[in-house]
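Taking this note's numbering, the leading residue of the sequence shown gets 553, the next gets one more, and so forth.
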Amino acid sequence: MADQLAVLCATIKSFHDKKKNVLESYIPFIEHCLYSNYENDNISQLQEFIISNYKIEIPKNSLITMLNILKTNNYITLKGENIEILKDMKNQNEEYLKVYEKSRRDLNEFISYYKNNFYKQEISDENVLKQINDLIMYSIDFFDILHDIPSGIVFDSKFHELVSYIIYIRDRNDHLYGIFKDIFFGGLLVNLIKNQGKEINILNPLSVYLDTSYLFRILELQNRFLIPLQENYTIL
């Protein structure tokens with residue numbers, strides 16, 4: 553399941569690159585869920601299907617906004633909680649699966665290189681993915697980043713091999729480094745959506761519409777394993 557979530561994070565990030573909008577980057581995933589399971593005929597069922605199958609919590613208000621985008625494009629109708637599919641989403645589903653499979657191949661390549669060159673002990677792919685997820689969660693509390701960017705990050709020794717690997721590919725392998733950034737920022741997109749509605753504050757209704765491309769650039773500036781700091785502080 554962890555590999556599925558990591559691939560999904562990278563897939564959502566790929567669509568975000570095209571859409572430049574958090575909600576719209578989820579639309580292909582929502583189309584896939586509707587296409588692959590016609591029993592999702594109301595909003596609550598769709599929400600529960602996503603949680604149980606993909607371990608992603610999408611608040612109902614955000615899900616309704618996404619469904620209204622599909623409604624505007626005449627793919628579905630919404631009557632209260634009920635969803636009725638008007639158009640066959642086969643082409644959209646095939647596009648989603650194509651991106652998803654590429655993300656899966658990329659993830660396997662990223663893990664294989666790490667295990668063969670940096671982590672000399674026996675380790676399962678599942679545990680590598682857990683390391684990556686723990687590193688993301690350890691390094692940044694995404695919701696708090698909207699309020700206060702910490703001055704620095706101190707890494708636990710358990711991340712030594714993984715951080716060394718990321719720094720290595722950052723300087724020597726653009727392809728593998730790009731794969732990591734897709735997983736990393738995709739994970740942040742998932743957490744950005746998940747945290748909508750969990751805290752009530754002045755930013756909450758707006759944070760889902762923030763310029764996430766800009767936010768990603770800020771996050772790169774504060775993480776020493778993403779882009780060399782000496783280059784980026786010059787930009788600031």
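We put the CB at the ideal spot given by N, CA and C, even for glycine.
ASN643 sits exposed, since fewer than 16 C-beta atoms from the chains shown fall within 10 Å of its C-beta.
The continuous beta strand (DSSP E) containing GLU636 extends over residues 634-637. For LYS631, the enclosing beta strand (DSSP E) begins and ends at 628-631. Secondary structure note for GLU583: its alpha helix (DSSP H) is the uninterrupted segment 574-588. With fewer than 16 other Cβ atoms inside 10 Å of its own Cβ, GLY632 counts as exposed. Looking at ASN668, ILE663, GLN599, the one whose alpha-carbon comes closest to that of ASP677 is ILE663. Listed as beta-bridge partners of ASN594 by DSSP are ASN634.
Exposed is the label assigned to MET689, since fewer than 16 other Cβ atoms lie within 10 Å of its Cβ.
DSSP, reduced to helix, strand and coil, places ILE616 within a helical segment of the structure shown. By the C-beta density criterion, ILE721 is buried, having at least 16 other C-beta atoms within 10 angstroms.
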